[in-house]
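In the numbering used here, the protein residues as written are 8 to 63.
By construction, the Cβ of each residue, glycine as well, lies at the ideal position given by its N, Cα and C atoms.
This structure is a prediction, so every number in the text was calculated from the model and none was measured.
This report refers to the structure that appears directly beneath it.
Written as structure tokens, this is what we have:
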């Protein structure tokens, strides 16, 4: 992903995750593993945006 872009609706740019992965990576992984084992996502995790791109 290019710099200055946010992969989610929270607006946190990819640089944050790169810089602080050693601090937040384990906890973030635990969130995803927990959701996988439970078989469901929290309401905020089920929210997403779709952008249509015009291809000419």
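**Prompt:** Measuring CA to CA, which of 28, 44, 15 is closest to residue 58?
**Reply:** 15
**Asked** Between residue 10 and residue 28, what straight-line distance do the alpha-carbon atoms span, to the nearest angstrom?
**Response** Each residue's alpha carbon lies about 16 Å from the other.
**Prompt:** By how many angstroms is the C-alpha of residue 30 removed from the C-alpha of residue 41?
**Reply:** 19 Å
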